[in-house]
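Q: Please see the structure below; I have some questions.
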Amino acid sequence: MNSTAVQSVALPPLRWGIIGGGLMGREFASALGRWFALTDPDLPDARLIAVCDTSEPAREWFQRVPTVEQITDDADEVFNNPNVDAVYIALPHHLHRDFYLRALEAGKDVLAEKPFGVDLQAAREVRDAAKRLGRFVRVSSEIPFWPGAQRIWHELSENLDTLGRILEVRAGFYHSSDLDPQKPANWKRQNAFCGEAGAMNDLGMHVAHIPLRLGWKPSRVYAQLQHGFPTRPDGRGGEVVCDTWDNAVLSCDVSIAGEDVPMCWECKRMAPGHMNTWSLEVLGTSGGWRFSTQTPKTLYRFDRGREQSWSAIDLGYAGAFSAVTGGIFEFGFADTLLQMLASFACERAGTLNGRFGMATPDEAVASHEVWQAALRSQQEKRAVEVG
Ligand SMILES: NC(=O)c1ccc[n+]([C@@H]2O[C@H](COP(=O)([O-])OP(=O)(O)OC[C@H]3O[C@@H](n4cnc5c(N)ncnc54)[C@H](O)[C@@H]3O)[C@@H](O)[C@H]2O)c1
2 MNSTAVQSVA LPPLRWGIIG GGLMGREFAS ALGRWFALTD PDLPDARLIA
52 VCDTSEPARE WFQRVPTVEQ ITDDADEVFN NPNVDAVYIA LPHHLHRDFY
102 LRALEAGKDV LAEKPFGVDL QAAREVRDAA KRLGRFVRVS SEIPFWPGAQ
152 RIWHELSENL DTLGRILEVR AGFYHSSDLD PQKPANWKRQ NAFCGEAGAM
202 NDLGMHVAHI PLRLGWKPSR VYAQLQHGFP TRPDGRGGEV VCDTWDNAVL
252 SCDVSIAGED VPMCWECKRM APGHMNTWSL EVLGTSGGWR FSTQTPKTLY
302 RFDRGREQSW SAIDLGYAGA FSAVTGGIFE FGFADTLLQM LASFACERAG
352 TLNGRFGMAT PDEAVASHEV WQAALRSQQE KRAVEVG
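The numbering used here applies: residue 2 is where the sequence shown begins, and numbers increase by one.
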């Protein structure tokens, strides 16, 4: 009987463990469950085989994943499992440093969650350990895998000069659930667990990923940070203090093609009307690009010809990694995760072939350098150089 080519016969499979089976651990497992939908010939097979969470209900959920062989409340059992090649660690931020270092020292490659440590020092320690130990480490930031964002990245990296002189860059990530003062608090609303950078720790890697990949690291930042509601219900009849910065507006200086350009980065948990809106806009004297997940199918292009115009381009399922999904079909959040995991697997296997890679430890450290400067700027009410 003739058989059709199967995925990645030549590449060894990538066997995953998860540490932290909460919101993102379950999303990760669900994305891996659709791995067979990817048809990219450069992709290794991948499956989830081990899970650790200290919460019993969280562990129970993973019983439904047929490939899982190990479910435990002890992360070291996963780190010491010789069949696990890489771990996805999705824990509260104050635990990142310790668990990332333990995974690296146990010889695992790591898909780290943002913000890659609770603060700059933690991020630098993990970045340095990964280098020293020679492990492959990438940081989660799936939103730039939307086709509209990918197209902008491609155009800006290949054809920046067609935009003329760059006039401004705006990037942002906007949530609104914190507008409701009755929304119960979770660990993300407290500095002790989320980190002092608050909404920047939470949302900032998605905002910074493409600009940093283009080499657009801010040199100086003026930050306006706002707190959310000072207390929230704790979900058990009481109230807890919420001390994180909820909204961050960073006015940055960046050098693009030898010119100083204003760049605005926004991370907001209190943005009226926005559910999970990520947007990027780059405008030049001759052209520009704008993409927002509020209109997720559509990419906007500005042209200054005889007349100025904005055109709307419908993109369909234009992921960088091919899939069975028809090109005319809509792309969604779950697809961004699948594409991001494909990027991790290919880059680790050496088959990324110029496609968009996940955020690197150096980029995560660079983002923390910006957040640290922003915190100082807020405190001192002045623009601060980024370290
Ligand atoms: N990429 C994204 O779009 C995105 C979205 C949300 C959150 N995140 C990030 O993912 C990470 C986790 O966030 P979340 O929303 O999934 O949190 P969550 O609170 O839903 O899940 C965290 C899980 O970790 C478990 N846990 C806590 N301590 C543990 C320990 N010592 N050992 C094992 N398990 C432990 C908890 O029981 C919980 O199930 C954070 O870094 C967050 O910033 C990323």
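Backbone N, C-alpha and C fix where the C-beta goes; we use that ideal spot for every residue, glycine too.
1. Mapping the DSSP letters down to three states, classify Tyr318 as helix, strand or coil.
2. Counting pairs of beta carbons, one from the region 303–312 and one from the region 324–331, are three or more of them closer than 8 Å?
3. Three-state secondary structure (DSSP) at Val255?
4. If distances are taken between C-alpha atoms only, which option among Gln151, Val222, Ala198 comes closest to Leu215?
5. Check Val387 in the structure and name its three-state DSSP category.
6. Closer than 7 Å: is that where the CB of Ser344 sits relative to any heavy atom of ligand 1?
7. Run through the DSSP bridge pairs and tell me what Lys269 is partnered with.
8. Can you tell me the Cβ-Cβ gap for Leu226 and Gln379, rounded? I've got them flagged as a contact below 8 Å.
9. Since Trp154 contacts Phe357 with CB under 8 Å, what's their CB separation in whole angstroms?
10. Measure the C-alpha to C-alpha separation of Arg302 and Gly149 and round it to an integer number of angstroms.
11. Would you give the residue range spanned by the beta strand (DSSP E) that Ala324 belongs to?
12. Quick one: is the Cβ of Lys115 within less than 7 Å of any heavy atom of ligand 1?
13. How big is the Cα-Cα spacing for Val69 and Leu49?
14. Locate the alpha helix (DSSP H) running through His155, then write down its first and last residues.
15. What do you reckon, is the C-beta of Met25 under 7 Å from a heavy atom of ligand 1?
16. Could you check which residue in Cys195, Met271, Asp129 has the C-alpha nearest to that of Asp247?
17. Decide if Thr473 is buried, meaning its Cβ has at least 16 other Cβ atoms within 10 Å, or exposed.
18. For the alpha helix (DSSP H) containing Cys195, name the first residue and the last one.
19. Hey, is Ala91 close to ligand 1, as in C-beta under 7 Å from one of its heavy atoms?
20. Rounded to whole angstroms, what's the CA-CA distance from Ala107 to Ala131? Just pull it up for me.
21. Use the C-beta contact count for Asp162: other C-beta atoms within 10 angstroms, 16 or more gives buried, fewer gives exposed.
22. Going straight from the alpha carbon of Ala6 to that of Ala51, what length do you get?
23. Name, in chain order, the residues that DSSP records as bridge partners for Asp261.
24. What is the rounded straight-line gap between the Cα of Gln8 and the Cα of Pro273?
25. Alpha carbon to alpha carbon, what distance is there between Pro234 and Glu156?
26. Please work out which residues of its chain come closer than 6 Å, Cβ to Cβ, to Pro67, disregarding the five sequence neighbours upstream and downstream, and give them in chain order.
27. Could you check where the beta strand (DSSP E) with Trp372 kicks off and where it finishes?
28. Please state whether the Cβ-Cβ distance between Val138 and Val111 is less than 8 Å.
29. What residue from Gly23, Leu121, Val85, Ala374 has the CA that sits closest to Val250's CA?
30. Examine the Cβ distances between the region 114–129 and the region 95–103 and report whether three or more of them are shorter than 8 Å.
31. In whole angstroms, give me the CA-to-CA distance for Arg128 and Ala193.
A: Quick look at the numbers:
1. coil
2. no
3. strand
4. Gln151
5. coil
6. no
7. Tyr175, Asn248
8. 4 Å
9. 6 Å
10. 11 Å
11. That residue, Ala324, is in no beta strand (DSSP E); it is neither H nor E in DSSP.
12. yes
13. 6 Å
14. 148–160
15. yes
16. Met271
17. Outside the displayed range of the chain (2 to 388) lies residue 473, so it cannot be described from this structure.
18. 192–195
19. yes
20. 11 Å
21. exposed
22. Reliability fails at Ala6, whose pLDDT of 43 lies under 50, so the model's placement of it is uncertain and the value that follows must be treated cautiously. Spanning the two alpha carbons is a distance of roughly 28 Å.
23. Ser256
24. Confidence at Gln8 is low in this model, with a pLDDT of 49, below 50, so the placement of that residue is unreliable and no value is reported for it.
25. 46 Å
26. none
27. Element bounds for Trp372: not the beta strand (DSSP E) but the alpha helix (DSSP H), 362–381.
28. yes
29. Ala374
30. yes
31. 22 Å
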